[in-house]
Structure formats: C-alpha cells, structure tokens
Amino acid sequence: MVFSIIREPGRLIASVQNNDMPVQYECSLSVCPNPVCTCGELALKLIPMENQRGILAPHTLTIIPGSKKLKKEDKQKDNIDEMLFAEMFMSQLDEDDYLLLESYLYNYKKEITENASVDSINAHFDYDEVERDGLMSIYNDVLPYAETLSVSINDKQYELIDQYCLLPGCSCTDTTLSIFEPWNDGPHSDFPIILNYKNKQWKEPEGPFHAFSTEILRLKVESQIPDFYEKLYNRHKRLKAIYAHCKRRHNQSRQRSVGVRVGRNDPCPCGSGKKYKKCCLDKDASK
Numbered sequence: 013m014v015f016s017i018i019r020e021p022g023r024l025i026a027s028v029q030n031n032d033m034p035v036q037y038e039c040s041l042s043v044c045p046n047p048v049c050t051c052g053e054l055a056l057k058l059i060p061m062e063n064q065r066g067i068l069a070p071h072t073l074t075i076i077p078g079s080k081k082l083k084k085e086d087k088q089k090d091n092i093d094e095m096l097f098a099e100m101f102m103s104q105l106d107e108d109d110y111l112l113l114e115s116y117l118y119n120y121k122k123e124i125t126e127n128a129s130v131d132s133i134n135a136h137f138d139y140d141e142v143e144r145d146g147l148m149s150i151y152n153d154v155l156p157y158a159e160t161l162s163v164s165i166n167d168k169q170y171e172l173i174d175q176y177c178l179l180p181g182c183s184c185t186d187t188t189l190s191i192f193e194p195w196n197d198g199p200h201s202d203f204p205i206i207l208n209y210k211n212k213q214w215k216e217p218e219g220p221f222h223a224f225s226t227e228i229l230r231l232k233v234e235s236q237i238p239d240f241y242e243k244l245y246n247r248h249k250r251l252k253a254i255y256a257h258c259k260r261r262h263n264q265s266r267q268r269s270v271g272v273r274v275g276r277n278d279p280c281p282c283g284s285g286k287k288y289k290k291c292c293l294d295k296d297a298s299k
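What the sequence shown shows, in the working numbering, is residues 13 to 299, in sequence order.
What follows is the structure, encoded as structure tokens:
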C-alpha cells in the first residue's frame, strides 16, 4: 500500500518506490466542490518530505479512484518527467489505496452535499414530465452524494431508494420506496412500496416480495433508522425546494433567451403562481 495515515497530527503520507529507492511525500487532497457533479475526480498534490525538498520536485495528479485511472489530461502532459512519474505512481497503487481515495472523495462530497444551500444546487429535472405526467424524482439521483438509506435484513444489506412527487402546490406526504441489494443485478421488490411518512402508514404492494414481507421491512427500518420518517420528511422538503429553485432559474434563463418581457402584474415566469412584482422582479433587477 502506497498511502499511510499518521494519526498525529493526521497527515496522509505516500511512500513511492523510485528507482528502487523509497521516497516519501506529504499528500494534499482536493475534490470538486459541486455537490451534484459526478466527475469522480480527486486532485492529489505530493510534496517531498522536508529532508528531501530541494532535491525532489512536488507533483500534482488528478485521479479518478472509482475507475482507477488518471484524468485524461494528466496522461497527455507536455512535461515528460511528470507523465513518467504519474505512470510510475499509478502502477504502485493497490486496491486499499484506491479504497482510501474513494472513501475520502465520497465523505467530502457527502459533507458538502448535506451543507449545501438550496440556491447553490444546479440539478437537472424534466419539468414537463414532472408537471404534466407527475414524474417522481429519486433523492440520490438529484443529490448523488447524499446519505444512502439502507437496512440489514437476514444478514444482507439493502438500499432503500426513496422517490417523491415534486408537483408545485401538491401537499402529499408520500414516499415510494424500492428495495435493492446493492451487489445484485436487480431489485428485490418488483412492486415498490408507497408509505406516508406523516402518518407512518405502509401500503402493501400489489405483489409479493421475493425475500421478505412489508411488515418485516417496516420493523427492521424502524429499529435500525429511528428517525426514518423525519428523514423522509426532510428529504422530500429539500427536494421540492431544490426543484422550485432550479425551475425558477430555468424559466428565467428561457425568458432571457427569447427576449420575452414580463409585466409587473403578470404571472411570474418561475411558475410560483404569484405576480412577477411579488416574486422574482427584485432578483432579476439585481442581475
């Protein structure tokens, strides 16, 4: 393993074999701060330890831990020495090294996702399908690095895929849950469960589960995730706020692109149902 963590003071060290000589570098990691970006890239800066500075140069690589590859641009560097070092470094990484990098990337992205304000999230929605056909949205599709809900049943770990209605003005408190075993090819439920997180009511699907009953699932979920219903409420509320913000920005952009003028007393193009002067007029004027 190339990487090691010095607990005190919590530094990450890389030990690289260079011409059969071990060279140690202090490591600095950085990740794309966009909470919805799934590029999976991690920038790694390698700084020679103090006793080797001046003799050895620092290096910067951009690694994609999930695919165990360098970023394409790093493979095409003009500096041949940098390119050779990158290839040598990557050849020495083992499975545990990639797991460490992937864990850092995921935990960092999860933290910024949980702390990101609604107006900083630029997610993609099919607005026509949502409002014409009632298309529901999966929480982790919109926020891929948010907490994944999971439950253990019969010594197996299952993911709970939660999706919600985003229709403006809809006051429903329903969640549709699909249950997956992550390392299997498909879901363990052909019939997703609809539950009302406000009333804690679980509706039986129209067909049997492959592995367990709805009642067993409910008991396991409630015992292993004590704040489960509160989580669903908060996830639904946040998803609707993100949708409303993204739709407003989408409509404003479309309005500017076609040069449509909106009167102060006209319905706001963001779709809120309010008059333009009562909704987005001040925001547009400040741009």
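Backbone N, C-alpha and C fix where the C-beta goes; we use that ideal spot for every residue, glycine too.
Once the 5 residues before and after residue i are set aside, which same chain residues still bring their CB inside 7 Å of it?
| i | result |
| --- | --- |
| Ala253 | Val130 |
| Tyr118 | Tyr157 |
| Pro199 | Reliability of the predicted coordinates at Pro199 is poor, the pLDDT of 49 falling under 50, and the value obtained from them is presented with this limitation in mind. Cβ neighbours of Pro199 beyond the five flanking positions: Ser190, Ile191, Phe192. |
| Ile124 | Pro45, Pro47 |
| Tyr139 | Lys259, His262 |
| Val14 | Ala26, Ser27, Val28, Gln104, Leu105, Asp109 |
| Cys49 | none |
| Lys168 | Glu193 |
| Leu155 | Pro47, Val48, Thr125 |
Is residue i buried or exposed, if buried means 16 or more other CB atoms sit within 10 Å of its CB?
| i | result |
| --- | --- |
| Gln175 | buried |
| Ile92 | exposed |
| His248 | buried |
| Ala26 | buried |
| Leu105 | buried |
| Asn260 | Per the sequence shown, the amino acid found at residue 260 is Arg instead of Asn. By the 10 Å Cβ count, Arg260 comes out buried. |
| His136 | exposed |
| Asp145 | exposed |
| Ser2 | The chain is shown only over 13 to 299; residue 2 falls outside these bounds and no answer can be derived. |
| Ile173 | buried |
| Ser149 | buried |
| Leu113 | buried |
| Ala98 | buried |
Please list the terminal residues of the continuous alpha helix (DSSP H) segment that includes residue i.
| i | result |
| --- | --- |
| Ser183 | Ser183 -> no alpha helix (DSSP H), and no H or E assigned at all. |
| Asn127 | 107 to 127 |
| Ser235 | 226 to 236 |
| Val142 | 139 to 145 |
| Val154 | 151 to 154 |
I believe residue i touches residue j by the beta-carbon criterion, under 8 Å. Please report the beta-carbon distance rounded to the nearest angstrom.
| i | j | result |
| --- | --- | --- |
| Glu53 | Ile17 | 22 Å between Cβ atoms; not a contact. |
| Leu178 | Leu251 | 6 Å |
| Ile228 | Leu161 | Ile228 to Leu161, Cβ: 17 Å. No contact. |
| Lys232 | Val142 | Rounded, the Cβ-Cβ distance is 32 Å, inconsistent with contact. |
| Ile206 | Thr188 | 5 Å |
| Lys122 | Glu159 | 7 Å |
| Lys212 | Tyr241 | 6 Å |
| Met100 | Leu82 | In fact, because the Cβ distance is near 12 Å, the residues do not count as touching under 8 Å. |
Take residue i and list the residues in its own chain whose beta-carbon comes closer than 6 Å to its own, dropping the five residues that flank it on each side.
| i | result |
| --- | --- |
| Val43 | Leu54, Leu117, Tyr120 |
| Gly22 | none |
| Thr72 | Lys57 |
| Glu62 | none |
With respect to the beta strand (DSSP E) encompassing residue i, which residues constitute its N-terminal and C-terminal limits?
| i | result |
| --- | --- |
| Tyr170 | 168 to 176 |
| Lys212 | Taken as a continuous stretch (DSSP letters only), Lys212 belongs to no beta strand (DSSP E), as it is neither H nor E. |
| Ile17 | 15 to 18 |
Enumerate in chain order the residues of its own chain whose CB-to-CB distance from residue i is below 8 Å, with the five nearest sequence positions on each side excluded.
| i | result |
| --- | --- |
| Ser132 | Pro47 |
Sequence ranges, beta strand (DSSP E) only - wholly within the stretch 24 to 91, length at least 3: 33 to 43, 54 to 60, 71 to 76, all fully within the stretch 24 to 91.
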